[in-house]
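Q:
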Amino acid sequence: MGLLWWALTGLLAGLLARWIVKDDRQGCLYTTAVGVLGALVGGALMQASGRKGINEFDLRSVLVAALGAVLLLLLLQAVGSRKGSRRR
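Everything in the sequence shown is counted per this note's numbering, starting at 14 for the first residue and increasing by one.
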């Protein structure tokens with residue numbers, strides 16, 4: 014998959030993940046970065062489970078990337094809330 018398709022998949026997956034998790038951060042680059050990193054996480058999890066990872070631009074790839082992005086955002090929120098609870 015080319016760089017343009019990775020960026021487009023990342024943008025769509027990031028938008029979907031931010032909508033599901035209710036993330037209030039804004040910005041096209043942030044959303045695309047979350048989606049692309051989510052695509053890497055989701056693709057790795059799919060390959061680890063013995064299924065096909067992300068190889069082309071289609072609905073399945075966007076959904077796998079969104080799943081990875083949701084997991085990434087939930088992890089970031091959990092780490093952020095743990096840091097915030099230590100401060101007084």
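Glycine residues also receive a C-beta, built at the ideal position from the N, C-alpha and C atoms.
Are the C-beta atoms of V54 and some chain B residue less than 7 Å apart?
A: Of the protein chains in the structure, only one exists, and it is not chain B.
Q: Rounded to whole angstroms, how far is the Cβ of G23 from the Cβ of V49, which I believe are closer than 8 Å?
A: 4 Å
Q: Where does I33 sit, in a helix, a strand or coil, going by DSSP?
A: The DSSP-derived three-state label of I33 is helix.
Q: Nearest to A30 by CA position, among L16, I67 and A46, is which residue?
A: A46
Q: Roughly how many angstroms separate the alpha carbons of A52 and K35, rounded to a whole number?
A: 19 Å
Q: May I have the straight-line CA-CA distance separating L16 from L89, to the nearest angstrom?
A: 25 Å
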